[in-house]
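Just so you know, we're using the working numbering here: the sequence shown kicks off at 81 and counts up by one.
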Amino acid sequence: MTVVDRRSLLASLGAGLLSAPAFRSAAAAPAAAPAAGLAKLAADRGVLFGTAVNHASLGRYPALTEILRADAAIVVPEWELKWASLRPSPTAFDFAKADSLLDFAGRNRLAVRGHALLWHEALPRWFAGLTKQETGRLVADHIGTVARRYAGRLHSWDVVNEPINPRDGLPGGLRNSPFYQALGPSYLETALDLAAAGDPSARLVINDYNLEMQVPEHEARRQAMLALLAGLVRRRIPVHALGIQAHLDAGGAPFDPARFRAFLRAVGDLGLAVYITELDVNDRLLGPDPAARDMAVAEVYRTFLGAALAEPVVKVVMLWGVSDLGTWLNDSPNARRRDGLPIRGLPYDDQFRPKRAWSAIRDALLEAPVRS
Ligand code: XIL
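As structure tokens, this is what we get:
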């Protein structure tokens, strides 16, 4: 299921995100701006804060590196560790862009998350022609080779991205992905075991989306994810955290902080951490006025992060980009705004100037309890 579909699905659910009680309060007046950037504010509370970056943008916009120096302690390659970037053929790897990104992170003292060892999207064209046996062999070869190459250099890996899709009707609400089709439900354990063998130091994460809002589809996904994680923990499969992508919509589905926090605690009760892994706020459901959109987007950041960070189980918060310039949110016809205006979903605008969303994230970090 593509991001596009889930957005239109959310939109069809009606019930504006901003109309939900949780989001009704007026936008928080920015507190006194602390000298520290978001990374330091987060670190003072035991939270690792950062963002997705991509090789092209880093090379093109020096302002981006300046922002990362203040507002990121960790980065994740938006594209460069995906199969489509790493695998020109079934027998070859191309690590050049990933290596370059990791070198950049090292030079700027930024930790790095890996994303993603298995994902049913961003697969190279040749993948579709594989037999089930070839897929199984390639999965083992890919995870082992990539995990070993970066062993000791990554904070964590999204080992399997988006394994849940109850709409596919499979047991446990699993997605009918090419990996499931080739290897059955045990592909998740296989992937985690291979990742642990390849890089014993990286924290291993199962990452997914639409786990955030108080709507039946997200609730079903939360329950399926909890069952999946509980089974992995029970069978002592190496897994350390749940990644919640948090691609949110201003004016979309309702959000219930208490119910979301209860879910976070349920993950913590399994002995796992929670990482917010791809946070951004799409404003495509709102009218065209930029000031009103910025206010609404900021309120979503403030309220969602306020709820997430209130739970000490949340150890990492990653944005999916820092600037509206180049955000993936404009990439796809159904995800972008009907009026064609560029989406203003990130804390910096397309001139790399901070917006209300930046202040909202700062305020949520200022209020977050310290965690170990
Ligand atoms: C997206 C990137 O941002 C795009 O540039 C790319 O074209 C497609 O993938 N969930 C994920 C991310 O886990 O890997 C996706 O990133 C966004 C949705």
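Using N, Cα and C, we set each Cβ at its ideal position, and we do this for glycine too. Computed from a predicted model, the values in this text were never measured in an experiment.
- Per DSSP, reduced to three states, the secondary structure at L218 is helical.
- The criterion of a C-beta distance shorter than 9 Å is satisfied by V396 and H235.
- By the criterion of at least three beta-carbon pairs nearer than 8 Å, the segment 177-185 is not in contact with the segment 245-256.
- Contact check between the segment 237-253 and the segment 204-219: fewer than three CB pairs, one atom from each, fall below 8 Å, which does not count as touching.
- The segment 377-385 makes no contact with the segment 341-354; the number of CB pairs closer than 8 Å stays below 3.
- No heavy atom of the ligand XIL is found nearer than 8 Å to the CB of W163.
- Around the Cβ of G186, a 10 Å sphere holds fewer than 16 other Cβ atoms; the residue is exposed.
- For W199, the enclosing beta strand (DSSP E) stretches over residues A191 to W199.
- Straight across, the Cα-Cα distance linking R314 with A321 is about 15 Å.
- A distance below 8 Å between beta-carbons, with the five flanking residues on each side excluded, links T131 to the following residues of its chain, in chain order: L148, D151, A152, V155, V156, M398, L399, W400, G401 and V402.
- Taking a 10 Å sphere around the C-beta of L198, we find 16 or more other C-beta atoms and assign the residue as buried.
- For W237, the three-state secondary structure derived from DSSP is strand.
- When the five nearest sequence neighbours on each side are left out, the beta carbons in the same chain lying within less than 6 Å of the beta carbon of L272 are those of V239, L284, I317, P318 and V319, in order along the chain.
- Counting along the chain, L385 sits inside the alpha helix (DSSP H) bounded by residues P370 to L389.
- Secondary structure in the segment 244-309: the alpha helix (DSSP H) runs of 4 residues or longer, each lying completely within the stretch, are 258-263 and 267-278 in chain order.
- Contact between A227 and D174 does not hold, since their C-beta atoms are separated by about 17 Å, which reaches or exceeds 8 Å.
- The DSSP-derived three-state label of A172 is strand.
- Within a 10 Å sphere around the beta-carbon of D374 sit 16 or more other beta-carbons, which makes this residue buried.
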